[in-house]
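Numbering that gives the first Met the number 0 puts the first residue of the sequence shown at 0, with every later residue one more than the last. Each residue gets a CB set at the ideal place from its N, CA and C atoms; glycine is no exception. Remember, it's a predicted structure, so these values are computed and weren't measured experimentally.
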Amino acid sequence: MEHRQLGGSGLMVPVLSLGTATFGGGNDFFRHWGSTDVEGATRLVDICLEHGVS
0 MEHRQLGGSG LMVPVLSLGT ATFGGGNDFF RHWGSTDVEG ATRLVDICLE HGVS
């Protein structure tokens with residue numbers, strides 16, 4: 000995974016991150032995008048961590 004410096008902070012962050020707004024159903028706003036159950040969310044997080052996504 001490629002990393003880049005975050006502004007002038009000196010922190011190195013991955014160029015790709017995982018949004019989790021739909022995990023667990025969320026509120027009415029995020030439900031328009033869908034929902035991800037616990038099993039699906041766990042699988043997605045595991046895959047992302049294996050590949051260096053944060």
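Rank the options by C-alpha distance to the C-alpha of residue i and give the top, closest one.
| i | options | result |
| --- | --- | --- |
| Ala-20 | Gly-51, His-31 and Val-52 | His-31 |
| Ala-40 | Phe-22, Phe-29 and Gly-33 | Phe-22 |
At the level of alpha carbons, what is the spacing between residue i and residue j?
| i | j | result |
| --- | --- | --- |
| Ser-8 | Glu-49 | 26 Å |
| Arg-42 | Leu-10 | 28 Å |
| Val-52 | Pro-13 | 6 Å |
| Val-44 | Asp-36 | 12 Å |
| Leu-5 | Phe-29 | 27 Å |
Check whether the Cβ of residue i lies closer than 8 Å to any Cβ atom in chain B.
| i | result |
| --- | --- |
| Leu-17 | Checking the listed chains, one finds no chain B in this structure; it contains a single protein chain. |
What span of residues does the alpha helix (DSSP H) with residue i cover, start to end?
| i | result |
| --- | --- |
| Val-12 | Careful: Val-12 lies outside any alpha helix (DSSP H), inside the beta strand (DSSP E) at 11 to 13. |
Which whole-angstrom value is the C-beta distance of residue i and residue j, which I expect to be below 8 Å?
| i | j | result |
| --- | --- | --- |
| Met-0 | Leu-17 | Wrong, their Cβ atoms sit about 12 Å apart, outside the cutoff. |
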